[in-house]
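**Q**
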Amino acid sequence: MQPETSPAPMSSIAAPAFSTSRFRAEREADWIAFDFLLTRLEKKGAAALTSDELLQLPLLYRATLSSLSIARATSLDKALLDHLEALSIRGYFLVYGVRETRLSRIRRFFLYDWPAAVRSVWKETIVIALIIILGALTSWSLVAHQPEWYFNFVPEEMAGGRDPRASVEFLQSTLGHGKAAAVDQESGLHVFATYLFTHNSQVSILSFALGFAFGVPTMMLEYYQGIGLGAMLAVFTNKGLGFDFGGWLFIHGTTELFAAALSGAAGLRIGTAVVFPGARGRLEAASHAGRTAGKVMVGVILMLLVAGLLEGFGRQLITDTLLRYGIGTLMLLFWLAYYYVPRREDVT
Amino acid sequence: MTAATNARLRSAKAKKIREFITPEGVDLELKIASSGLRLGALIVDLTLISLLLFAFLLLMAWIGFASRSDLAEVVWMLGAFVLRTFWFIGFELGQRAATPGKRLMGIRVVARDGGRLTADAVVARNLIRELELFLPLMMIGNGMSEDAVSGWTVLAGVLWSLTLSLFLLFNRDRMRMGDLIAGTWVVMAQRVKLDADIATGGDPAGAMQFSEAELSVYGIFELQELERVLRGRDARAMREVADTIRGKIGRPVAEEDDVFLLSYYRQLKARLERKLLFGKRREDKYASD
Chain A
0 MQPETSPAPM
10 SSIAAPAFST
20 SRFRAEREAD
30 WIAFDFLLTR
40 LEKKGAAALT
50 SDELLQLPLL
60 YRATLSSLSI
70 ARATSLDKAL
80 LDHLEALSIR
90 GYFLVYGVRE
100 TRLSRIRRFF
110 LYDWPAAVRS
120 VWKETIVIAL
130 IIILGALTSW
140 SLVAHQPEWY
150 FNFVPEEMAG
160 GRDPRASVEF
170 LQSTLGHGKA
180 AAVDQESGLH
190 VFATYLFTHN
200 SQVSILSFAL
210 GFAFGVPTMM
220 LEYYQGIGLG
230 AMLAVFTNKG
240 LGFDFGGWLF
250 IHGTTELFAA
260 ALSGAAGLRI
270 GTAVVFPGAR
280 GRLEAASHAG
290 RTAGKVMVGV
300 ILMLLVAGLL
310 EGFGRQLITD
320 TLLRYGIGTL
330 MLLFWLAYYY
340 VPRREDVT
Chain B
0 MTAATNARLR
10 SAKAKKIREF
20 ITPEGVDLEL
30 KIASSGLRLG
40 ALIVDLTLIS
50 LLLFAFLLLM
60 AWIGFASRSD
70 LAEVVWMLGA
80 FVLRTFWFIG
90 FELGQRAATP
100 GKRLMGIRVV
110 ARDGGRLTAD
120 AVVARNLIRE
130 LELFLPLMMI
140 GNGMSEDAVS
150 GWTVLAGVLW
160 SLTLSLFLLF
170 NRDRMRMGDL
180 IAGTWVVMAQ
190 RVKLDADIAT
200 GGDPAGAMQF
210 SEAELSVYGI
220 FELQELERVL
230 RGRDARAMRE
240 VADTIRGKIG
250 RPVAEEDDVF
260 LLSYYRQLKA
270 RLERKLLFGK
280 RREDKYASD
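If you read the sequences in order, they're chains A and B. First residue of the first sequence? That's 0 in numbering that gives the first Met the number 0, and the numbers climb one at a time after it. First residue of the second sequence? That's 0 in numbering that gives the first Met the number 0, and the numbers climb one at a time after it.
(1) Residues of chain E with CB closer than 8 Å to the CB of F211 of chain A, please, in chain order.
(2) Which chain B residues are close to R290 of chain A, counting only those with a beta carbon under 8 Å from its beta carbon?
(3) Please list, in chain order, all residues of the same chain as L80 of chain A whose beta carbon is under 7 Å from its beta carbon, the five residues on each side excluded.
(4) Below 8 Å on the Cβ atoms is my guess for L82 of chain B versus L52 of chain B; work out the distance and round it to an integer in Å.
(5) How should G246 of chain B be labelled, buried or exposed, when 16 other C-beta atoms within 10 angstroms of its C-beta is the threshold for buried?
(6) By DSSP, does L165 of chain B sit in helix, in strand, or in coil?
(7) Taking only three categories from DSSP, how would you classify S15 of chain B?
(8) Going along chain B in order, which residues have a C-beta closer than 7 Å to the C-beta of F207 of chain A?
(9) Measuring CB atoms only, is the segment 6-13 of chain B touching the segment 67-84 of chain B, in the sense that at least three cross pairs come out at less than 8 Å?
(10) Take S66 of chain A as the anchor and find which of B:L27, B:S66, B:L47 has the nearest alpha-carbon.
(11) Flag this pair as yes or no: are the beta carbons of L228 of chain A and T217 of chain A separated by less than 7 Å?
(12) Can you confirm whether D29 of chain A, when its beta carbon is compared against all beta carbons of chain B, has any partner nearer than 7 Å?
(13) Is any heavy atom of the ligand GTP found at a distance shorter than 6 Å from the C-beta of G225 of chain A?
(14) Indicate the three-state DSSP secondary structure (helix, strand or coil) for I20 of chain B in the structure shown.
(15) Anything in chain B within Cβ reach of R342 of chain A, meaning under 9 Å, just list it in chain order.
(16) Assuming F80 of chain B contacts T197 of chain A under a Cβ cut-off of 8 Å, what Cβ separation, rounded to an integer in Å, is found between them?
(17) Cα separation between V94 of chain A and R124 of chain B?
(18) Report all residues from its chain with a CB closer than 6 Å to the CB of A96 of chain B; omit the five preceding and five following residues, and keep chain order.
(19) What is the C-beta distance between I300 of chain A and S200 of chain A, in whole angstroms, given that I count them as a contact (C-beta under 8 Å)?
(20) Terminal residues of the continuous beta strand (DSSP E) containing M174 of chain B?
(21) My assumption, with CB atoms under 8 Å, is that V185 of chain B sits in contact with A32 of chain B. Please give the rounded CB distance.
(22) Output yes or no for whether 7 Å exceeds the beta carbon distance between A230 of chain A and Y149 of chain A.
(23) In angstroms with no decimal places, state the Cα-to-Cα distance between T253 of chain A and G327 of chain A.
(24) If you count every other CB in all the chains shown that lies within 10 Å of the CB of H251 of chain A, and 16 or more means buried, which is it?
(25) Which residues, taken in chain order from the segment 265-285 of chain B, show a beta carbon closer than 8 Å to some beta carbon of chain A?
(26) Can you check whether the C-beta of L136 of chain B is within less than 7 Å of a C-beta belonging to chain A?
(27) Compile a chain-ordered list of the residues in the segment 271-299 of chain A whose CB is closer than 8 Å to at least one CB of chain B.
(28) Spell out whether any CB of chain A is found under 7 Å from the CB atom of M104 of chain B.
(29) Three-state secondary structure (DSSP) at I344 of chain B?
(30) Who are T183 of chain B's beta bridge partners in DSSP?
(31) Which ranges does the alpha helix (DSSP H) cover as unbroken runs of at least 4 residues, wholly within the segment 87-158 of chain A, from first to last along the chain?
(32) Output yes or no for whether 7 Å exceeds the beta carbon distance between G311 of chain A and L195 of chain A.
(33) Please report the distance separating the alpha-carbon of H176 of chain A from that of A116 of chain A.
(34) Counting only Cβ pairs nearer than 9 Å, list the residues of chain B close to G96 of chain A.
(35) Could you check whether E91 of chain B and V121 of chain B sit closer than 7 Å to each other, using their CB atoms as the reference points?
(36) Using only the alpha-carbon positions, how far apart do S160 of chain B and L38 of chain B sit?
Below, the structure written as structure tokens:
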């Protein structure tokens, strides 16, 4: 192999003492070693590396970054520059990205992050809860006085025969067997519970996602939920079944409506952050609100899973109204305590 | 190519680059992923999800049929929900912060402020996706099912929802609605193999020498294009480029194209790099030497 600094008789350019080729030859081993470590880290995680290799990682990362700086200032080799850039970007996100294990992340979410996120949207939760109640009151007062209004609020297929024309006996029977009877006689309770869970989750994801349009669609969706609720309530109270209907609703409703209110609150938080960003920029405020709301939403989906189980199994198996009230109250107390009882924050 | 189009191309490229300074003080110059790549990644992911769902459906139908219980139905419904909702979240929480589609396209999700990509950001950006994907479909579906609604109302609804879905086309940073709310970006994260250094190694037989005047006609842009051609090893492209250079510096066709190009590349690179060390960066042939 000829030396790279071959004499150049015709050209007056002698190769400089600092040559980018020499620079590369000197540093290349580091880049290859770093690439090798990164590949293993990406495939198998930190457990795959020995402690020596883990100690090597930040050194190699810094060596690569410094190579990138030098190469940018001195080299015109596009392939080399691109490689160093890609390697540095990969390295940066691995070296600075991973700080805790999945297990401790999950633990922290349940112990601190989830309740803290819910606590921080308390104002929005109250607003949404009031909106749901307002919706329920609106339709309740209308339907209680003029039962025909009912058909404007609840679509025929949703009602499943539970409308003002139905007899007391029929309404009573729907409370006994629940919606399961109406949906599908054949399929078991667990199918019904699963259906409820996935359906409700999708609705609440929607009500959250609509939040960025200044929160208006979210509030409308929640109002509409309240309207359906109030109309049903009016039908049953008119027939003197209000107490029984309450129990039928209460057993899972405390969890489900709480979750619905929280998903609306999460959406509303984003909407208000966009409208009233405060001292921060609008984008920054939105992304800050979005992260809080994201945590709340994971919690909402988990709550809906519980609600689905209560609705699918609990309500169908437990027919005693008082017991239903008891379970519903217990669940409500549990959620309230979990979210709002103050605790020592040792979030690191 | 004229000086103007060249400059325009370069500024278009520069517009895609975002400053991203590591704690060590090095700017990583992240490049925003184009909307085409994003769409490609989404199509790949949706295809994979549908294929998986279909296989899962067949499996569950078979199990359900064989065991005569409706437990398979529950597993199917839950599985489909989890797959649809958590496919994106699960993959983006991983080390490479990219779904299979994104990996294929060489892009990844990054926190806009340069910090760690947190789980809540990933959850937020992906739950919004639900809305962006399904709202236009829902609007169309609603219009179809309810004849009472006039065509114009449906059209208005679809257009409104499309502005949400296509939000990323209307901003420089190619942020989806979900990116905006989660505070994330999608940037290029290709792996680039380290190619051999073509500036070193033995000189080819019959290596040529060029004079200062012959080397001073080109700048960095042309040098890197030449590098691309040399690495491509396409004989026709090399012939074309070699002829162009020969015409420009007024040399007769006397030697093999690859020998000519490699010698020219090495000497041009040495010259430009030496200038670079002295603080002179000549971007292209239109810049002053």
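Glycine included, each C-beta is placed from N, C-alpha and C at the ideal position.
**A** Once the coordinates are examined:
(1) No chain E appears in this structure, whose protein chains are A and B.
(2) Here residue 290 of chain A refers to the residue found at position 291 when the first sequence is read from its first residue. Going along chain B in sequence order, the residues near R290 of chain A (Cβ under 8 Å) are T117, D119, A120, A123, A181, G182.
(3) Position 81 of the first sequence, counting from 1, holds the residue named residue 80 of chain A. Around L80 of chain A: A70, R71, S74.
(4) The count along the second sequence starts at 1 and reaches residue 82 of chain B at position 83. The count along the second sequence starts at 1 and reaches residue 52 of chain B at position 53. With 8 Å as the limit, L82 of chain B and L52 of chain B qualify as a contact, their Cβ atoms being about 6 Å apart.
(5) By 1-based counting over the second sequence, the position of residue 246 of chain B is 247. It is exposed - the Cβ of G246 of chain B has fewer than 16 other Cβ atoms within 10 Å.
(6) Looking up residue 165 of chain B in the second sequence gives position 166. L165 of chain B: coil per DSSP, three-state reduction.
(7) To locate residue 15 of chain B, count along the second sequence from 1; it is residue 16. Per the sequence presented here, residue 15 of chain B reads as Lys, with Ser not at that position. Coil, per DSSP.
(8) By one-based count along the first sequence, residue 207 of chain A stands at place 208. Ordered by position in chain B, the residues that pass the 7 Å Cβ test against F207 of chain A are L126.
(9) no
(10) The sequence position of residue 66 of chain A within the first sequence is 67, counting from 1. Per the Cα distances, B:L27.
(11) Position 229 of the first sequence, counting from 1, holds the residue named residue 228 of chain A. Position 218 of the first sequence, counting from 1, holds the residue named residue 217 of chain A. No, the pair does not count as a contact, with Cβ atoms beyond the cut-off.
(12) As a working note, residue 29 of chain A is residue 30 in the first sequence. False, the Cβ-Cβ gap to chain B never drops below 7 Å.
(13) In the structure on display, the ligand GTP does not appear, and there are no ligands present to speak of.
(14) As a first step, residue 20 of chain B is located in the second sequence; it is residue number 21 there, counting from the start. Of the three classes helix, strand and coil, the one that applies to I20 of chain B here is strand, per DSSP.
(15) The count along the first sequence starts at 1 and reaches residue 342 of chain A at position 343. Per Cβ cutoff of 9 Å: no residues; R342 of chain A is ~20 Å from chain B at best.
(16) Residue numbering aside, residue 80 of chain B sits at position 81 when the second sequence is read from its first letter. Residue numbering aside, residue 197 of chain A sits at position 198 when the first sequence is read from its first letter. Right, the Cβ-Cβ distance comes to about 4 Å (below 8 Å), so this counts as a contact.
(17) For the purposes of this step, residue 94 of chain A is taken as residue 95 along the first sequence, with counting starting at 1. For the purposes of this step, residue 124 of chain B is taken as residue 125 along the second sequence, with counting starting at 1. V94 of chain A and R124 of chain B: Cα-Cα distance of roughly 24 Å.
(18) Looking up residue 96 of chain B in the second sequence gives position 97. These residues qualify, in order along the chain: R107, V108, L116.
(19) Start at 1 with the first residue of the first sequence, and residue 300 of chain A comes out as number 301. Start at 1 with the first residue of the first sequence, and residue 200 of chain A comes out as number 201. Right, their Cβ atoms sit about 5 Å apart.
(20) The residue labelled residue 174 of chain B in the question sits at position 175 within the second sequence. Careful: M174 of chain B lies outside any beta strand (DSSP E) and carries neither H nor E.
(21) Here residue 185 of chain B is taken as the residue at index 186 of the second sequence, counted from 1. Here residue 32 of chain B is taken as the residue at index 33 of the second sequence, counted from 1. Yes, they are in contact, since the Cβ atoms of V185 of chain B and A32 of chain B sit about 5 Å apart, within 8 Å.
(22) To locate residue 230 of chain A, count along the first sequence from 1; it is residue 231. To locate residue 149 of chain A, count along the first sequence from 1; it is residue 150. For A230 of chain A and Y149 of chain A, yes; Cβs fall inside 7 Å.
(23) In the first sequence, residue 253 of chain A corresponds to position 254, counting from 1. In the first sequence, residue 327 of chain A corresponds to position 328, counting from 1. Their Cα atoms are separated by approximately 6 Å.
(24) For this step, residue 251 of chain A is matched to residue 252 along the first sequence. It is buried - the Cβ of H251 of chain A has at least 16 other Cβ atoms within 10 Å.
(25) Q266, K268, A269, R270, L271, E272, R273, L275, L276
(26) The residue labelled residue 136 of chain B in the question sits at position 137 within the second sequence. Closer than 7 Å: no.
(27) L282, E283, A285, S286, H287, A288, G289, R290, T291, A292, G293, K294, M296, V297
(28) In the second sequence, the residue the question calls residue 104 of chain B occupies position 105. Judged by the 7 Å Cβ criterion, M104 of chain B is not in contact with chain A.
(29) Here chain B has residues from 0 to 288 only, and residue 344 of chain B is not among them.
(30) Start at 1 with the first residue of the second sequence, and residue 183 of chain B comes out as number 184. According to DSSP, T183 of chain B bridges with B:A110.
(31) 101-107, 113-119, 121-144, 149-152, 155-158
(32) One-based indexing of the first sequence puts residue 311 of chain A at position 312. One-based indexing of the first sequence puts residue 195 of chain A at position 196. Contact flag set, yes.
(33) The count along the first sequence starts at 1 and reaches residue 176 of chain A at position 177. The count along the first sequence starts at 1 and reaches residue 116 of chain A at position 117. Reliability of the predicted coordinates at H176 of chain A is poor, the pLDDT of 48 falling under 50, and the value obtained from them is presented with this limitation in mind. Their backbone Cα atoms lie some 37 Å apart in a straight line.
(34) Stepping through the first sequence from its first residue, residue 96 of chain A is reached at position 97. Result: Q94, A96, R115, L116.
(35) Here residue 121 of chain B is taken as the residue at index 122 of the second sequence, counted from 1. Here residue 91 of chain B is taken as the residue at index 92 of the second sequence, counted from 1. Yes, they are a contact pair.
(36) In the second sequence, residue 160 of chain B corresponds to position 161, counting from 1. In the second sequence, residue 38 of chain B corresponds to position 39, counting from 1. Those two C-alpha atoms are separated by around 17 Å.
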